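S.K.: Pasting in a structure now, in structure tokens, and then I'll have a few things to ask.
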Amino acid sequence: MRTSELIFKSRREVPQDAEASSHQLLLRGNYIRRLTSGVYSFLPLGYQVLRRVERIVEEELDRVGASELLLPALHPVEIWRATGRDAKMADVLFGVEGKSGSFVLGPTHEEAVIEAMSPDIESYRDLPKLVYQIQTKFRDEPRARFGLMRTREFIMADGYSFDADRDTMRASYQRFYEAYQAIFRRVGLKAEPVEADAGSIGGDVNHEFMVASSIGEDHFARCRECGYQANIEAARAGERAGVPVARDIEPVTYSTPNAPGVEIAVKALQAAGAEVEVASMLKSMLLVGEAGQLVLALLPGDRTLNVPRGMRLAEDVEMGDFVKGYIGPQGQSSRVTILADPLVRTRPSWASGANQEGSHTVGLRLGIDFNVDRFENLVVVQDQDPCPHCGAPLELVRSVEVGHTFQLGLTYSGMLAHARFSTVDGQELPYWMGCYGIGVTRVPAVIAQQYGSPEGDAVAWPVEVAPYVVSVVGVGATKDNDVVAVARRLHDLINAGGVSALLEDRDVSTGVAMRDLELIGSPIFCVVGARSLANKMVEIRDRMHDRTTLVPIEEAPAAVIALSRELTSECR
């Protein structure tokens, strides 16, 4: 391919709406173009990167025995109602009203794959089954950000496994898990598998594949001592030693009008002469369980609540005679179940709401002035919290999710009467499922963020995803016929050797040519110049390792091909 044949027009200016360097690069390099907020077209360069990612996914999933299929993007709403996810995912679902009924644009395909696969899974002899697809998904994201990082239309590779029991489900899960690790190695990403929360997908065991990134909207907790890793939503801290309660004090109630929040209440109490701080305030947060039961969650005032699975914050209309902003745990045991984070054991006394408008109480003691029904981890983990496995300090890593794997178990098949198979003794049982997703359109953006310049004006793509592995450029080629001839010959020989090469053949200055080629992002440059040519040498630049070598002209094609193989092997 020659640059004059590319659909390519680089942008010198930084797009004003592009915050992330990866977004800037993909726009400036003519990889993508915005159609509307959260919706992008892939131009030829970007589509080449995307297709290379897709081919890697296909190769690795085929290798573990999964079969590719294609499911519809348009789903009848009835299959979502059958699993209750029409309500559970209502905040992101795109609904479509058609002449023949109501539909959903699929944000995920668990229901659809069951409909497609169930007729082929009648007996235990039909199991296991592993399938996957690469399909467009739709989510009505309230805030699209960072270009391809968070969009409303995106492409996902999603796999599904069907098994007869828990053990074989786990074996299938391991096959996908290992395939995902191979995929991320090949695209050049160091993706850390971390324990995660299942969210709206459901199931028990699951892992997110996280890539450390300065623009990540997620965090995961990591222990460098024992290797524990978990997404911030699933991470938990280790136990801290409890302290004896203060038996030599009595609770005192203060008037704190117009002070319903922790920070405001602390200021009001301090103004009244009480010795309190944010960390010694007790947050008392009313939750609602799946069965509608009320639960009071207790945690220190300087920590953030991680709402337990199956619960949600109570809405105002559900609070009854609880005084919003002034709730305290004292006297509540007969009304609600009280959960407390273990950190509630680490202070001799607490300040909290007094259960009446405009009042707070200082000196509340665990086991004396209030009781707890159950202790469990309720707070979002922070930097330096103790590891739950070894007690060493945890660190938070800002990151981007690129994949997620789930052991669904019977989460979906247990709800659907037709998701059954006959066992060896003739029973009709639901099959065990797993599901596995990779954000295919997100991957190029994550790679660009990792391998691009902070200014968003250059990138060196990993060799297996690069639009062109080698860029051949003649320095001063417009004025030197020998340079032109050698550059063309090298380009042709490299291509003939099975390595994709791009020849810079435009009538532009060397500076312009090099700036554009750095946006196109070949990991290898082959530079032919009049000076090196006089010595019968050409320059080969390994942009992944920032090293340059001079080689004889006749050896250059073999040297470039060998370098491309070396770069490929580094990601395998």
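Going by the numbering used here, the first residue of the sequence shown is number -11, and it counts up by one from there.
Backbone N, C-alpha and C fix where the C-beta goes; we use that ideal spot for every residue, glycine too.
Owing to the predicted nature of the structure, the values given are computational and were not obtained by experimental measurement.
1. Would you kindly check if the distance between the Cβ of D128 and the Cβ of L177 is under 8 angstroms?
2. Just to confirm before moving on: does the CB-CB distance between G402 and S243 stay below 8 angstroms?
3. Counting pairs of Cβ atoms below 8 angstroms between the stretch 64 to 73 and the stretch 87 to 100, do you hit three or more?
4. Check whether the stretch 484 to 491 touches the stretch 199 to 207, taking contact to mean three or more Cβ pairs, one atom from each stretch, closer than 8 angstroms.
5. Just curious, the beta strand (DSSP E) that F394 is in, first and last residue?
6. Would you report the Cα separation of V584 and H195, rounded to the nearest angstrom?
7. By alpha-carbon positions, which one of R140, Y168 and Q36 ends up nearest to C423?
8. Is the stretch 156 to 165 touching the stretch 114 to 125, taking contact as three or more C-beta pairs under 8 angstroms?
9. Please identify the residue among P511, G17, L505 and D534 whose C-alpha is closest to the C-alpha of R(-10).
10. Verify whether the separation of the beta carbon atoms of D270 and G289 is less than 8 angstroms.
11. Report back the beta-carbon spacing between A449 and P511 to the nearest angstrom; my notes put them in contact at under 8 angstroms.
12. For A132, collect the residues of the same chain with a Cβ closer than 7 angstroms to its Cβ; drop the 5 residues on either side in sequence, then sort them by chain order.
13. Can you tell me whether DSSP reads E251 as helix, strand or coil?
14. Report the residue ranges of all beta strand (DSSP E) runs contained in full by the stretch 294 to 361; include only those spanning at least 3 residues, in chain order.
15. Residue ranges of each beta strand (DSSP E) run of no fewer than 3 residues wholly in the stretch 195 to 266, ordered along the chain?
16. Apart from the five residues on each side of it in sequence, which residues of its chain come closer than 7 angstroms, Cβ to Cβ, to A436?
17. What separation, rounded to the nearest whole angstrom, lies between the Cα atoms of P3 and E166?
18. Go through its chain and collect everything with a Cβ distance to G379's Cβ below 7 angstroms, but skip five positions before and after it.
19. At least one CB of chain D closer than 8 angstroms to the CB of V516: is that the case?
20. Using 8 angstroms as the cut-off, can you tell me whether the stretch 353 to 363 makes contact with the stretch 323 to 340, which would need three or more C-beta pairs spanning the two stretches below that distance?
21. Among all the DSSP beta bridges, which residues are the ones paired with Y424?
22. Roughly how many angstroms separate the alpha carbons of A342 and A223, rounded to a whole number?
23. Do P95 and F126 have their C-beta atoms within less than 8 angstroms of each other?
24. With a cut-off of 8 angstroms, do at least 3 Cβ pairs link the stretch 375 to 392 to the stretch 210 to 218?
25. When you compare each of V515, E47 and P317 to V283 by their alpha carbons, which one comes out closest?
26. So, with DSSP's three-state summary, where would you put F513?
M.R.: For this structure:
1. no
2. A distance of 8 angstroms or more separates the beta carbons of G402 and S243.
3. Taking a cut-off of 8 angstroms for Cβ pairs, the stretch 64 to 73 and the stretch 87 to 100 touch, as three or more such pairs fall below it.
4. Because the criterion of three Cβ pairs below 8 angstroms is not met, the stretch 484 to 491 and the stretch 199 to 207 do not touch.
5. First-last of the beta strand (DSSP E) with F394: E383 to G397.
6. This structure does not reach residue 584, given that the chain is present from -11 up to 560, and the question cannot be answered.
7. Y168
8. yes
9. L505
10. The identity of residue 270 in the sequence shown is Leu, whereas the question assumes Asp. Yes, these two residues count as a Cβ contact at 8 angstroms.
11. Note that residue 449 is Trp in the sequence shown, not Ala. About 6 angstroms separates the two Cβ atoms, so the contact holds.
12. S25, G26, R138, T139 and R140
13. helix
14. 325 to 328, 338 to 341 and 347 to 352
15. 206 to 210, 217 to 219 and 240 to 243
16. S10, L13, L14 and V447
17. Spanning the two alpha carbons is a distance of roughly 39 angstroms.
18. G226
19. No chain D appears in this structure, which consists of one protein chain only.
20. yes
21. G147 and T393
22. 32 angstroms
23. yes
24. yes
25. P317
26. strand
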